[in-house]
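Participant:
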Amino acid sequence: MAEAIVSRVLEKLSSVLEEEVRRITNVRGEVEKLASNFRAIKAVLEDAERQQMWEGKTSVRDWLFKLKEVSYDIENVLDEWSTTVFKSKLEKKKVCCFIPSPSFCFNRGKLLHKTAHKILELNGRLDVIANEREKYSLKELNVEKPIRREQTTSLVTLAEVCGRVKDKERIVDILLNEGGIDVIPIVGVGGIGKTTLAQLAFNNEKVKSHFEKRIWVCVSDPFDVMRIAKAILTSLGENAWQNLVELEDVLKLLIDSIKDKKFLLVLDDVWNEQYERWGLLKKSLSSGSVGSKILVTTRKETVARTMRCTTLFPVEQLSEEESWLLFCQIAFLGRSNEDRENLREIGRKIARKCKGLPLALKTVGGLMLLRKTIKEWQSVLDSEIWELEVAEEGLFRPLIRINKCPKQIGNLIHLRSLDLSDNRFLEELPEAVCDLYNLLILDINGCEELRSLPCRMGNLINLRHLWNGYTDCLEFMPKGMEKLACLRTLSLFVVDSGGKGAALSELGNLIHLRGELEISGLRNVRDGREAEKAQLRNKKGLTTLVLTIGSTWSDESQVSEASVLEALEPPLDLERLRIWAYKCPTPTLGVWPSWIVSLTKLKFFGLCNCVDVEQLPPLWKLPSLESLYLHKIGGVKKVGVEFLGIETSSLSSSSSSSAVVAFPNLKSLEFWEMEEWEEWDYGSRGEEDIKIMPRLSSLAIFECEKLKMLPDSILQSATLQNLEISWSPVISSRCKGEYWPHISRIPKKDIL
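Numbers given in my numbering equal positions in the sequence shown, counted from 1, plus 1.
(1) Looking only at its chain, what residues have a beta carbon closer than 6 Å to the beta carbon of ALA49, apart from the 5 residues adjacent to it on each side?
(2) Is it the case that the Cβ atoms of LEU427 and LEU451 are separated by a distance below 8 Å?
(3) Could you check which residue in LYS639, ARG524, LYS260, ASN610 has the C-alpha nearest to that of HIS632?
(4) Going by DSSP in three states, PRO619 sits in which element: helix, strand or coil?
(5) When you compare each of GLU519, VAL526, ILE512 to ASN539 by their alpha carbons, which one comes out closest?
(6) Skipping 5 residues on each side, what residues in its chain have a beta carbon closer than 6 Å to that of SER699?
(7) Please state whether the Cβ-Cβ distance between TYR438 and ASN463 is less than 8 Å.
(8) For GLU638 and ILE193, I'd like the C-alpha separation in whole angstroms.
(9) So, for ARG134: in the same chain, excluding its five sequence neighbours on each side, which residues have a beta-carbon less than 8 Å away from its beta-carbon?
(10) Rounded to the nearest angstrom, what separates VAL391 and GLY357 at their Cα positions?
(11) How would you label ALA535, buried or exposed, when you count the other beta carbons within 10 angstroms and need 16 or more for buried?
(12) Do ARG577 and THR544 have their beta-carbon atoms positioned less than 8 Å apart in this structure?
(13) Using 8 Å as the threshold, is the stretch 292–308 in touch with the stretch 183–190, meaning 3 or more CB pairs across them?
(14) Could you name the residues of the same chain whose beta carbon sits closer than 8 Å to that of ARG171, not counting the 5 residues immediately before and after it, in chain order?
(15) Determine contact between the stretch 214–225 and the stretch 333–343, defined as no fewer than three beta-carbon pairs at a distance below 8 Å.
(16) Determine, using beta carbons only, whether LEU265 and VAL208 come nearer to each other than 8 Å.
(17) With H, G and I counted as helix, E and B as strand and the rest as coil, what does DSSP make of SER521?
(18) Would you identify the three-state DSSP class for ASN460, choosing helix, strand or coil?
(19) Which ranges does the beta strand (DSSP E) cover as unbroken runs of at least 3 residues, wholly within the stretch 414–493, from first to last along the chain?
(20) Is the Cβ-Cβ distance between GLU519 and LEU485 less than 8 Å?
(21) Report buried or exposed for LYS584, applying the criterion of at least 16 other Cβ atoms within 10 angstroms of its Cβ.
(22) In terms of residue numbering, what span does the beta strand (DSSP E) encompassing ALA701 cover?
(23) Among LYS376, GLU317, VAL495, which has the Cα closest to the Cα of VAL547?
(24) Compare the C-alpha of LEU608 against each of ILE75, ILE693, ALA582, ALA563 and name the closest.
(25) Going along the chain, which residues of its own chain have a beta-carbon closer than 6 Å to the beta-carbon of ASP261, five neighbours each way excluded?
(26) Are the Cβ atoms of ALA305 and VAL188 separated by less than 8 Å?
(27) Does the Cβ-Cβ distance between GLY522 and SER498 come in under 8 Å?
(28) Please report how far the alpha carbon of LEU382 lies from the alpha carbon of LEU362, in whole angstroms.
(29) What are the start and end residues of each continuous beta strand (DSSP E) run of 3 or more residues lying completely inside the stretch 250–276, in chain order?
(30) Quick one: what's got a C-beta closer than 6 Å to GLY459's C-beta in the same chain, skipping five residues either side?
(31) With distances taken between CB atoms, is the gap from PHE703 to TRP728 smaller than 8 Å?
(32) DSSP beta-bridge partners for ALA663?
(33) Could you check which residue in GLU671, THR549, MET369 has the C-alpha nearest to that of PHE333?
(34) Which ranges would you report for the alpha helix (DSSP H) in the stretch 193–220 if only whole runs of at least 4 residues count?
(35) How many Å lie between PRO572 and LEU508 at the Cα?
(36) Residues in its own chain within less than 6 Å of ASN205 by CB, not counting five upstream and five downstream?
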C-alpha cells in the first residue's frame, strides 16, 4: 500500500531536511512545498486504495503507481543523504575529536547541494500527481483504523476447510492421549491455517466428550498473563476475578477453578519468547487433572522452544489442487456452470498466486466473488495486490531452507528488514549484508548453524534490532559493533577467545539497549577493567540479563573470574538474571558479586551448571524475588542459615518482636541435579527467629539423590500449592511415609 511509503517520506523530510536542505535559499520553499504535497496526498490515499481494489479503477491504480514511484525516488535520495552524513560523522570522530576534516566539510556540502537539486526535480513530478487528485474525485474519508490483531474464536466454517483432514486427525489423537499436562505447539507461517486446524480439533465430538472443560483464548502480543488468566476464568464461568486487582490473587483463583478438572486450553497466536511469563501461567495450570492439554498456535519455532516443547506440529501449505478447491468454494459460489468454465483458467492462475495459504485463498476468493467478467478477473491477476508491502511474510518462507544467503542481497540498498529466522541450515551471512545501510531489523533468531557475522557489521549504522537468539554456534561478534549506536535490541553478545572479534568493551557505546541481553564466553574477558567498560549499569532499559561464563577458568584465574562478574553490574531495575557456568573462587575472595543484593526489583534468578560452587548467593533480602531456579550447583552439600544470608550471631541479636523475613515474596523454588546436596536444615533457632518463604506456592526437587530431609518450614507451609519430587529416592520415600500427614493437604503433588 502507498500509505506506508508516503508516511515514511514525510517523517524523513521532517527529521533530515528541515535541518540541512532548507538552509539553501533557492530550495527553501521547495522543501516546504514537497512536505505539503505529501500531506495533501496522504489525506486521500485511503479513498484511492478503495477505488483501486474494490471498484477496479485502472486509472486510479496508475495514479497510485506513479505516486509510489516518485515516493521511492525521494526516499532513496533521503537515505543516501542520511547514510553518507552518518558515516562521515563517524569517520570524523575517528580521525579527530575536535578539528573538522576539510574533506568531510567539502563532501558534505557537495552532497547537500546535489540532494537539494534532486528535490527540485522530484517536486515537479509530485506537483503533477497532486493536481490529479481532483481528476479522480479522491476524497478524505476520515476513517480511523486502530492497529490491532484480529481476535479469533473457536468457531469454524467447515464448508471452507480443505486439505486438513489428516492434520486434524493427528491433532485429535494427540489430545486424546492420556498423560501429563502436555503442551502441543502448532507452528506455521501466517495465513497457513493454524487457527483453523486448532478450531477443527477443538470442535471435534470426541474431544468435546473427552475434556470436562474446553477453553479458547486469543493471546497475540503482548503475552499478558493477567489478561489470559482472566479470559480463562471467564470461559470457565468464574466471575469472581472482577473484584481482584493483584495477579497473584487472580492466579490463585485460576488454580482453584481448574483443580482436578481435565481441560483443553487453546492459546491462539502466541508470540512470547520469555520463559518466565509462560512459566508463571503454566504453573497455575498444573492443578488440572492428568490428561489435560494445552494447544498453542504460533508462527515462530522459538516460541515453542520457550515453552519447553520437545516436538512440534508443523503446518504445511496446501497442494495446488487443495488450493483450487478452496478458492472455488468461495469465488464460484452461486455462479452458473458456464461462468465457472469461462473463468476456470484465469482462476487457477489467481489461486496459484496465493502460494497455498488458506487465508490468502479465502480473502482473494471473496474478492473474486464480486467480480463478474473475465476482464475484471484479469485486472486482479495483473494487479499490484500481489506486491503489496503488507503482503504476508509467509509467502517467502521457503527461504528457511537455504544454507547460503546470496551476495546479491547487498544490491537491495533500501531494505529495512531482513528476516532469516529459524533457518537451521544457514552457516554464514555474506559481507554484502553490510551494504544495507538502511537496514533497521536483522532477525537471525534460531539460525542454529550460523558460526559468524560479517566483518563489516559496524556499517549498519541505522540498525535498531539485531535478534540473534538461539544461535548456539556463533563464535564471536565482529569488531566494530560499537558503531551500532542506534541499536535497541541485541539478543546475544559472544566474547571472542582468539582476538578476531569484538571485545566486551564495545558494548559500552550501545547505550540504548533494552529488553533481554545475553553475554556468553565471559571466560575470555581478561579482567574486571575490560568488563567494566561494557557499562551495563548505564543501560537502564535492560530487564533481563544472562551471563554465561562457558567452560570454567583454571584455578589461577579465579580472581579474574570474580572481578569480571563484579564489574558487570547491571541496572538496578533489572527483573531477571541468569548466571551460567560460574566457577566460584575461594570464600576469602568473595564468592558472589556485591551488587546482587542491590537488585531490589529482581523477580527471577537462575543459577546453572556451576559445578564447583559450594555456597549459594545471599538472595534472601531481595524484596521482589518471586522465582529461584538452581541447577547443577555441584559443590553444595548443605543448605542452611547461610542460604538465608544470616549468620548465627545475627540470629542471637534478633528479637521475636522483629523477626527477620527471608525471601519475603518467593513463590517458586526449583532444585535440579544437586548431586552432592545432603542436608537442608535451618536449625530450630532459625525456625523461631526467621520467617522463611512466607509466600512459597511451588517447590520442585529433581535428581537430588543424596538429599535426606525437608526442613520443617516447608512441611508446615500453609501457602504451598504444588510439590514435585522426582528421582530423589530418600525424599520421595519420606513423602510417601512420615511426611505424608504434613503434605497430604497440598493440592497438587507429583511424587516419583
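Here a beta-carbon is modelled for each residue, glycine too, at the ideal position from N, C-alpha and C. Quantities reported herein were computed from a predicted structural model and do not represent experimental measurements.
Facilitator: Straight from the coordinates:
(1) The residue labelled residue 49 in the question sits at position 48 within the sequence shown. The answer, listed in chain order, is VAL61, LEU65, LEU139.
(2) Start at 1 with the first residue of the sequence shown, and residue 427 comes out as number 426. Start at 1 with the first residue of the sequence shown, and residue 451 comes out as number 450. Yes, these two residues count as a Cβ contact at 8 Å.
(3) As a first step, residue 632 is located in the sequence shown; it is residue number 631 there, counting from the start. The candidate whose alpha carbon is nearest that of HIS632 is ASN610.
(4) In the sequence shown, the residue the question calls residue 619 occupies position 618. PRO619: coil per DSSP, three-state reduction.
(5) Residue numbering aside, residue 539 sits at position 538 when the sequence shown is read from its first letter. Looking at the Cα atoms, ILE512 is the closest of the given residues.
(6) Numbered from 1 along the sequence shown, position 698 holds the residue referred to as residue 699. For SER699, where only same-chain residues beyond five positions count, the Cβ hits under 6 Å are LYS284, SER669, ASN723.
(7) The residue you call residue 438 lines up with position 437 of the sequence shown. The residue you call residue 463 lines up with position 462 of the sequence shown. A contact, by the Cβ cut-off of 8 Å.
(8) In the sequence shown, the residue the question calls residue 638 occupies position 637. In the sequence shown, the residue the question calls residue 193 occupies position 192. According to the sequence shown, residue 638 is Lys rather than Glu. So the alpha carbons of these two residues sit roughly 52 Å apart.
(9) By 1-based counting over the sequence shown, the position of residue 134 is 133. For ARG134, where only same-chain residues beyond five positions count, the Cβ hits under 8 Å are ALA41, ILE42, VAL45.
(10) As a working note, residue 391 is residue 390 in the sequence shown. As a working note, residue 357 is residue 356 in the sequence shown. Because VAL391 carries a pLDDT of 36, less than 50, the predicted location of this residue cannot be relied on, and no value is offered for it.
(11) Residue numbering aside, residue 535 sits at position 534 when the sequence shown is read from its first letter. Buried: at least 16 other Cβ atoms inside 10 Å.
(12) Translated into positions along the sequence shown, residue 544 becomes position 543. Translated into positions along the sequence shown, residue 577 becomes position 576. Yes, the pair counts as a contact, with Cβ atoms nearer than the cut-off.
(13) yes
(14) In the sequence shown, the residue the question calls residue 171 occupies position 170. PHE314.
(15) no
(16) Here the question's residue 265 lines up with position 264 in the sequence shown. Here the question's residue 208 lines up with position 207 in the sequence shown. In contact: LEU265 and VAL208 (Cβ atoms closer than 8 Å).
(17) As a working mapping, residue 521 is identified with position 520 in the sequence shown. Looking at SER521 - three-state DSSP - the assignment turns out to be strand.
(18) For this step, residue 460 is matched to residue 459 along the sequence shown. Here ASN460 sits in helix by DSSP.
(19) 418–420, 442–444, 466–468
(20) Position 518 of the sequence shown, counting from 1, holds the residue named residue 519. Position 484 of the sequence shown, counting from 1, holds the residue named residue 485. In this structure, LEU485 does not lie closer than 8 Å to GLU519 by Cβ.
(21) Counted from its first residue, the sequence shown places residue 584 at position 583. Classification of LYS584: buried, given that the 10 Å Cβ count is 16 or more.
(22) For the purposes of this step, residue 701 is taken as the residue at position 700 of the sequence shown. Residues 699–703.
(23) Walking along the sequence shown from the start, residue 547 turns up at place 546. Checking every option, the nearest Cα to that of VAL547 belongs to VAL495.
(24) As a position in the sequence shown, residue 608 is number 607, starting the count at 1. Nearest of ILE75, ILE693, ALA582, ALA563 to LEU608, Cα basis: ALA582.
(25) One-based indexing of the sequence shown puts residue 261 at position 260. Excluding residues within five positions, the ones whose Cβ falls inside 6 Å are SER290.
(26) Here residue 305 corresponds to residue number 304 of the sequence shown, with the count starting at 1. Here residue 188 corresponds to residue number 187 of the sequence shown, with the count starting at 1. Yes, the Cβ-Cβ distance between ALA305 and VAL188 is below 8 Å.
(27) As a first step, residue 522 must be located in the sequence shown, where it is residue number 521. As a first step, residue 498 must be located in the sequence shown, where it is residue number 497. Yes, the Cβ-Cβ distance between GLY522 and SER498 is below 8 Å.
(28) Mapped onto the sequence shown, residue 382 falls at position 381. Mapped onto the sequence shown, residue 362 falls at position 361. In a straight line, the C-alpha of LEU382 is about 13 Å away from that of LEU362.
(29) 264–271
(30) Along the sequence shown, read from residue 1 onward, the residue named residue 459 stands at position 458. The answer, listed in chain order, is GLY481, LYS484.
(31) Position 702 of the sequence shown, counting from 1, holds the residue named residue 703. Position 727 of the sequence shown, counting from 1, holds the residue named residue 728. For PHE703 and TRP728, yes; Cβs fall inside 8 Å.
(32) Counting from one through the sequence shown, the residue named residue 663 turns up at place 662. Per DSSP, ILE693.
(33) As a working mapping, residue 333 is identified with position 332 in the sequence shown. It is MET369 whose Cα lies nearest to the Cα of PHE333.
(34) 195–203, 206–211
(35) Residue 572 sits at position 571 when you count from the first residue of the sequence shown. Residue 508 sits at position 507 when you count from the first residue of the sequence shown. Between PRO572 and LEU508, the C-alpha separation is close to 14 Å.
(36) Translated into the one-based positions of the sequence shown, residue 205 becomes position 204. Within the same chain, ASN205 has close Cβ partners VAL173.
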